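The structure under discussion appears below in the form of structure tokens.
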Amino acid sequence: MKRILAFLCCAAMVLGLAACNTNQEPSGSEPAASESVELKTSESTDFISFTPCGHSGGSSTYSPTVYETLLLYEDGELKPNLATEWEMNGNEITLKLREDVKFSDGEAFNAEAVKVNLESLYEYQYDSVAWFQVIGLLDHVEAVDEYTVKIVLTQPYYAALYDLASSFALGMMSPACFEVEGNPYENVFTTAGTGPYTITDYEQGSSYVFERNDNYWGEAPAVDKLTVNIVPDLDSRLLALRSGEADFLLGVSNLSYDSFDELSETDGFTAVKSENHSKCDYILFNSANTALQDAQVREALSEAIDKESMVSNVLYGLQENAAYMFDPALPNCALDLPAYESNKEHAGELLDAAGWKLNDATGLREKDGQALTLKLVYQAGYGSNDSVAQFLKSELEKVGVELTLESFDLTTYSTKIYEGSYDMALAFSYGVPYDPHVTLSGFVGYDLGDVSMQSFDFKEELNGYLTELMQTTDSEKVAELTEQALTLMHENYAAIPLTYEKELVVFNNEKISGIEFFGQPGLTVLQNIVPAK
106 MKRILAFLCC
116 AAMVLGLAAC
126 NTNQEPSGSE
136 PAASESVELK
146 TSESTDFISF
156 TPCGHSGGSS
166 TYSPTVYETL
176 LLYEDGELKP
186 NLATEWEMNG
196 NEITLKLRED
206 VKFSDGEAFN
216 AEAVKVNLES
226 LYEYQYDSVA
236 WFQVIGLLDH
246 VEAVDEYTVK
256 IVLTQPYYAA
266 LYDLASSFAL
276 GMMSPACFEV
286 EGNPYENVFT
296 TAGTGPYTIT
306 DYEQGSSYVF
316 ERNDNYWGEA
326 PAVDKLTVNI
336 VPDLDSRLLA
346 LRSGEADFLL
356 GVSNLSYDSF
366 DELSETDGFT
376 AVKSENHSKC
386 DYILFNSANT
396 ALQDAQVREA
406 LSEAIDKESM
416 VSNVLYGLQE
426 NAAYMFDPAL
436 PNCALDLPAY
446 ESNKEHAGEL
456 LDAAGWKLND
466 ATGLREKDGQ
476 ALTLKLVYQA
486 GYGSNDSVAQ
496 FLKSELEKVG
506 VELTLESFDL
516 TTYSTKIYEG
526 SYDMALAFSY
536 GVPYDPHVTL
546 SGFVGYDLGD
556 VSMQSFDFKE
566 ELNGYLTELM
576 QTTDSEKVAE
586 LTEQALTLMH
596 ENYAAIPLTY
606 EKELVVFNNE
616 KISGIEFFGQ
626 PGLTVLQNIV
636 PAK
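This note's numbering numbers the first residue of the sequence shown as 106 and each following residue consecutively.
Here you go:
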């Protein structure tokens, strides 16, 4: 439960004592004199933390603009960031750090700063971030010299470097943030990172203001100030964009596909889709449901859904049909297995074979006097979830399955799954750089996937593959175990992959001439915004 709460934690995380000292005079050079560029946007969910551990909510989207990671994951590759060189030898990782970097509060970035960040994550956030094995397996951290740090794990872990590129929760905070009593992650509501921006003002639940960090070590970004207004309602976000109260909307969580399609044809706006996939949207089953414990039923439900039609008619061709749980382009995810396809006639035959016979009078499948009625839960206000849910309801009705729909805020949605108060749930993978290793670890680490599959007859075998996967660095063994785990899930219809997401952005082209997607498309990188001249 604590793992998912790291992603869904309550807003109380921001109600603490001031921690980081942001009153020091900046020592970086002043940007060249020019007219100040100020932009505004709307975000669907409130910020829940001012630390890199606030993965859920709007704060997760903007975290990399404030807190940089040691390595950078971009377009499928690990690249230098705050660390310029690295070497992985068994259970030891040695990093050469970038010199002459300062946090926004003037504190120096060095090996000691990395040491206090990693040790504090282990001490105060272990229960929430231990599934990042670079923290969960942490033995100790050595500051070899001012700009060399060695991370020693209790055992090798193949994805440790990917963990170090994860903006949640491995963004580096100023050492001053840890000079407080108690858990620093609960007592910070100012920001002090090495990134190009810092939060200078906020009103919880209402707005957050980002301004340029004059201590930033890289090229000064073109945007001086960004105000993020919290607007939970989709129609209100669109109205803000049209009226000029927002200059852009970024992400499938903030835009519906029909609105993106409409705005792409509207004068004054530019709509852009990312080249890379960000995550996979899929359906989780509640394995405690007796009907769903039958693999034939799960297969039938999968075949009942015409995903090509959903992509074309509901999602305006802006996503791609997902034949597998993970994009085959991801490491070790290209499987030589038949793709999931739609076949309603065969779906009916499978349901017949499973004992669910069609009652011509009601139009529903029945077995032992009970109708096959299932409840689908999903997150309210998230992109096109409402439209997708309605489409799924219509598709399953065609094979005699009644689907009832319930939507909830993010925290309630998660609670419903842990309580088992659902039959099917709209979910999504963690996306890059967390896929496939973090999402897979969640199927054995008491995440939503693990909880949902507890009663399936293949779960013990799956646990074995995934547990062994998390304890090896041998590349051949990693590939073998990943294939075994994904094959087992695929052949047993453990979940129904729906689509591979591509991120979306719409902007006012009188204020902005371009926005380039980052290698992690779901993250807002303000320095990639090019203001209109």
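Glycine residues also receive a C-beta, built at the ideal position from the N, C-alpha and C atoms. As the structure is a computational prediction, the values presented were derived from the model and not from experiment.
Are the Cβ atoms of Asp528 and Leu463 separated by less than 8 Å?
-> Position 423 of the sequence shown, counting from 1, holds the residue named residue 528. Position 358 of the sequence shown, counting from 1, holds the residue named residue 463. Taking 8 Å as the Cβ cut-off, Asp528 and Leu463 do not qualify as a contacting pair.
DSSP state of Val504, grouped into three classes?
-> Taking the first residue of the sequence shown as position 1, residue 504 is located at position 399. In the structure shown, Val504 sits in coil (DSSP, three-state: anything other than H, G, I, E or B).
Mapping DSSP to helix, strand and coil, what is Ala218?
-> Within the sequence shown, the letter at position 113 stands for residue 218. In this structure, Ala218 counts as helix in the three-state DSSP scheme.
Compute the distance between the beta-carbons of Leu359 and Ser149, then report whether it is under 8 Å.
-> Here residue 359 refers to the residue found at position 254 when the sequence shown is read from its first residue. Here residue 149 refers to the residue found at position 44 when the sequence shown is read from its first residue. Inspection of the sequence shows that residue 359 is occupied by Asn rather than by Leu. Closer than 8 Å, so yes.
Own chain residues within Cβ distance below 6 Å of Thr375, not counting five before or after = The sequence position of residue 375 within the sequence shown is 270, counting from 1. Result list for Thr375: Phe612, Asn614, in chain order.
Host beta strand (DSSP E) of Met193 (start-end) | Taking the first residue of the sequence shown as 1, we reach residue 193 at position 88. Met193 -> beta strand (DSSP E) spans 188–194.
If Leu545 and Leu574 are in contact, beta carbons under 8 Å, what's the gap, nearest whole angstrom?
-> Position 440 of the sequence shown, counted from the first residue, corresponds to residue 545. Position 469 of the sequence shown, counted from the first residue, corresponds to residue 574. Yes, they are in contact, since the Cβ atoms of Leu545 and Leu574 sit about 7 Å apart, within 8 Å.
May I have a chain-ordered list of the beta strand (DSSP E) segments no shorter than 3 residues that lie completely inside the region 211–263?
-> 243–250, 253–258
Just to confirm, are Phe237 and Asp268 a CB contact at a threshold of 8 Å?
-> As a working note, residue 237 is residue 132 in the sequence shown. As a working note, residue 268 is residue 163 in the sequence shown. In contact: Phe237 and Asp268 (Cβ atoms closer than 8 Å).
Could you check the C-alpha separation between Leu477 and Thr604 for me, to the nearest Å?
-> One-based indexing of the sequence shown puts residue 477 at position 372. One-based indexing of the sequence shown puts residue 604 at position 499. Cα to Cα, the separation comes out at about 25 Å.
Going by the CB atoms, is the gap between Asn196 and Val257 shorter than 8 Å?
-> In the sequence shown, residue 257 corresponds to position 152, counting from 1. In the sequence shown, residue 196 corresponds to position 91, counting from 1. Yes, they are a contact pair.
Taking just the CA atoms, how far does Leu567 sit from Ala590?
-> In the sequence shown, residue 590 corresponds to position 485, counting from 1. In the sequence shown, residue 567 corresponds to position 462, counting from 1. So the alpha carbons of these two residues sit roughly 6 Å apart.
Would you list the one or two residues that DSSP bridges to Gly163?
-> Within the sequence shown, the letter at position 58 stands for residue 163. Answer by DSSP bridge pairing: none, since Gly163 is not bridged.
Would you give the residue range spanned by the beta strand (DSSP E) that Tyr362 belongs to?
-> Here residue 362 is taken as the residue at index 257 of the sequence shown, counted from 1. No beta strand (DSSP E) holds Tyr362; the alpha helix (DSSP H) holding it covers 362–368.
Keeping to the same chain, check which residues put their C-beta closer than 8 Å to that of Lys201; ignore five residues upstream and five downstream.
-> Start at 1 with the first residue of the sequence shown, and residue 201 comes out as number 96. Excluding positions up to five away in sequence, the list reads Ala188, Thr189, Glu190, Trp191, Tyr252, Thr253.
CB-CB under 7 Å to Gln576, same chain, minus the five flanking residues each way: which ones, in chain order?
-> Looking up residue 576 in the sequence shown gives position 471. Contacts found: Gln260.
Could you give the distance in angstroms between the alpha-carbon of Tyr570 and the alpha-carbon of Ser225?
-> Position 465 of the sequence shown, counting from 1, holds the residue named residue 570. Position 120 of the sequence shown, counting from 1, holds the residue named residue 225. Approximately 31 Å between the Cα atoms of the pair.
For the alpha helix (DSSP H) that Leu343 lies in, which residues bound it at each end?
-> Numbered from 1 along the sequence shown, position 238 holds the residue referred to as residue 343. Here the alpha helix (DSSP H) through Leu343 covers 339–348.
Residues near Ala218 by beta carbon distance below 6 Å, same chain, minus five either side = Within the sequence shown, the letter at position 113 stands for residue 218. Answer for Ala218: Pro280, listed in chain order.
Give me the Cα-Cα distance between Lys472 and Asp180, rounded to the nearest whole angstrom.
-> The sequence position of residue 472 within the sequence shown is 367, counting from 1. The sequence position of residue 180 within the sequence shown is 75, counting from 1. The straight-line gap from Cα to Cα measures roughly 49 Å.
One or two residues paired with Phe353 in a DSSP bridge = For the purposes of this step, residue 353 is identified with residue 248 of the sequence shown, where counting begins at 1. DSSP lists Thr146, Phe612 as partners of Phe353.
Cβ neighbours of Glu143 in the same chain (closer than 8 Å, five flanking residues each side left out) | In the sequence shown, residue 143 corresponds to position 38, counting from 1. The residues are Val328, Asp329, Lys330, Leu331, Thr332.
Note down, in chain order, each residue of its chain lying with its Cβ closer than 8 Å to the Cβ of Ser147, except the 5 sequence neighbours on either side.
-> As a working note, residue 147 is residue 42 in the sequence shown. Hits under 8 Å: Val333, Asn334, Ile335, Val336, Ser341, Arg342, Ala345, Leu346, Glu350, Ala351, Leu354, Asn359.
Own chain residues within Cβ distance below 7 Å of Asp306, not counting five before or after | Position 201 of the sequence shown, counted from the first residue, corresponds to residue 306. These residues qualify, in order along the chain: Val314.
Through-space distance from Thr572 to Val50, alpha-carbon basis = Absent from the model: residue 50. The displayed extent of the chain is 106 to 638, so no value can be given.
Buried versus exposed call for Gln559 [16 or more other C-beta atoms within 10 Å across all chains shown] = What you label residue 559 is simply residue 454 of the sequence shown in a count that begins at 1. Gln559 should be labelled exposed.
Contained beta strand (DSSP E) runs [length at least 3] in the region 305–338, N- to C-terminal order | 312–317, 330–335
Phe561 versus Val377: straight-line alpha-carbon distance, rounded = Indexing the sequence shown from 1 puts residue 561 at position 456. Indexing the sequence shown from 1 puts residue 377 at position 272. Taking the straight line from one Cα to the other gives about 41 Å.
Please report how far the alpha carbon of Gly655 lies from the alpha carbon of His595, in whole angstroms.
-> Nothing can be reported for residue 655: it is not among the residues displayed for the chain, which extend from 106 to 638.
Taking 8 Å as the cut-off, decide whether the C-beta atoms of Tyr262 and Thr587 are in contact.
-> Taking the first residue of the sequence shown as position 1, residue 262 is located at position 157. Taking the first residue of the sequence shown as position 1, residue 587 is located at position 482. Against a cut-off of 8 Å, the Cβ pair of Thr587 and Tyr262 comes out as no contact.
In whole angstroms, what is the alpha-carbon distance linking Ala297 and Asn391?
-> Walking along the sequence shown from the start, residue 297 turns up at place 192. Walking along the sequence shown from the start, residue 391 turns up at place 286. The alpha-carbon atoms of Ala297 and Asn391 are separated by roughly 42 Å.
Can the beta-carbon of Leu531 be found closer than 8 Å to that of Asp338?
-> Position 426 of the sequence shown, counted from the start, is the residue given in the question as residue 531. Position 233 of the sequence shown, counted from the start, is the residue given in the question as residue 338. No, they are not a contact pair.
Would you mind sorting Val249 into buried or exposed? The rule is 16 or more other CB atoms within 10 Å of its CB.
-> Here residue 249 refers to the residue found at position 144 when the sequence shown is read from its first residue. Classification of Val249: exposed, given that the 10 Å Cβ count is below 16.
State the start and end residues of the unbroken alpha helix (DSSP H) segment that holds Gly554.
-> Locating residue 554 in the sequence shown gives position 449, counting from the first residue. Run containing Gly554: 553–557, per the alpha helix (DSSP H) assignment.
Taking buried to mean at least 16 other C-beta atoms within 10 Å of its own C-beta, is Gly373 buried or exposed?
-> By 1-based counting over the sequence shown, the position of residue 373 is 268. Exposed, since its Cβ has fewer than 16 Cβ neighbours within 10 Å.
Report the three-state DSSP secondary structure of Lys564 (helix, strand or coil).
-> Residue mapping note: residue 564 aligns to position 459 of the sequence shown, counting from 1. Looking at Lys564 - three-state DSSP - the assignment turns out to be helix.
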